[in-house]
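Residue numbers (our numbering): 16 to 233. Positions of the beta carbon are idealized from the N, C-alpha and C atoms, including for glycine. None of the values given here were measured: they were computed from a predicted structure.
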């Protein structure tokens, strides 16, 4: 009897999945805001700005029952952020004639994103959570600085954007919410957060919140 149950159980799973299996494949495009922050401690607080970001590409969902589904995507994902550093780094002793600093750093990363999601749906509303596998295509940053001296004119510097090496693969938790407007069009919201390292052993945290549309091709 146990052997019979053991043999029939996989067949039951296959037939159950086949009975409710439905596929959806289509295009998606989102826009929103993102932030990138480093993990350095400063003597006083600093400002971190959200910047325009987004993602676009393909999505695929597979229904494993009437309520549950699994899904994946292949998207280009842009993450950006800006920080203001109004004061000195903790532990750094500046020269006596340097009485103030004002620095800005803008960062931009282009990822290829392939998430694996598990979701639940009720009528027109669906929710999913998963892990986003991100591959860094490129990473750039731009620095502008303003040094205030007590005995000479202020010094301002602005560098052209330059590339930087970061962790190639990033695994980032994500969550999504979608609402079906029609049989073909869905309104969706996505949230992703994670961290990466640079070639000079510094860790950065980022998060992104986007809103957009999905169009079902079939």
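Residue i versus residue j - alpha carbon distance
i	j	result
residue 142	residue 192	5 Å
residue 208	residue 188	6 Å
residue 88	residue 179	27 Å
residue 210	residue 81	35 Å
residue 68	residue 166	42 Å
residue 75	residue 229	11 Å
residue 77	residue 39	7 Å
residue 155	residue 213	11 Å
residue 79	residue 100	50 Å
Secondary structure of residue i, DSSP reduced to three states
i	result
residue 34	Summary for residue 34: the model assigns pLDDT 49, below 50, so the residue's position carries little reliability, and this model does not support an answer.
residue 211	strand
residue 119	strand
residue 171	strand
residue 55	coil
residue 136	strand
Cβ-based neighbour list, residue i, same chain, cut-off 6 Å, excluding 5 preceding and 5 following
i	result
residue 92	70, 126, 128
residue 153	125
Unbroken beta strand (DSSP E) run spanning residue i, endpoints
i	result
residue 225	218-231
residue 97	83-100
residue 153	140-164
residue 68	62-78
residue 192	184-195
Residue i: CB within 8 Å of a non-hydrogen atom of the ligand PLP
i	result
residue 225	This structure does not include the ligand PLP; it has no bound ligands of any sort.
Same chain, Cβ closer than 7 Å to residue i, neighbours up to 5 away in sequence not counted
i	result
residue 30	Caution is warranted here: a pLDDT of 46 is assigned to residue 30, below 50, making its placement in the model unreliable, and the coordinate value is therefore given only provisionally. Excluding positions up to five away in sequence, the list is empty.
Segment contact flag, the stretch 182-199 with the stretch 158-173, C-beta cutoff 8 Å, min 3 pairs: As far as the Cβ criterion goes, the stretch 182-199 does not touch the stretch 158-173, which means the pair count is below three.
At least three beta-carbon pairs within less than 8 Å, the stretch 153-170 to the stretch 110-120: Yes: at least three Cβ pairs fall under 8 Å.
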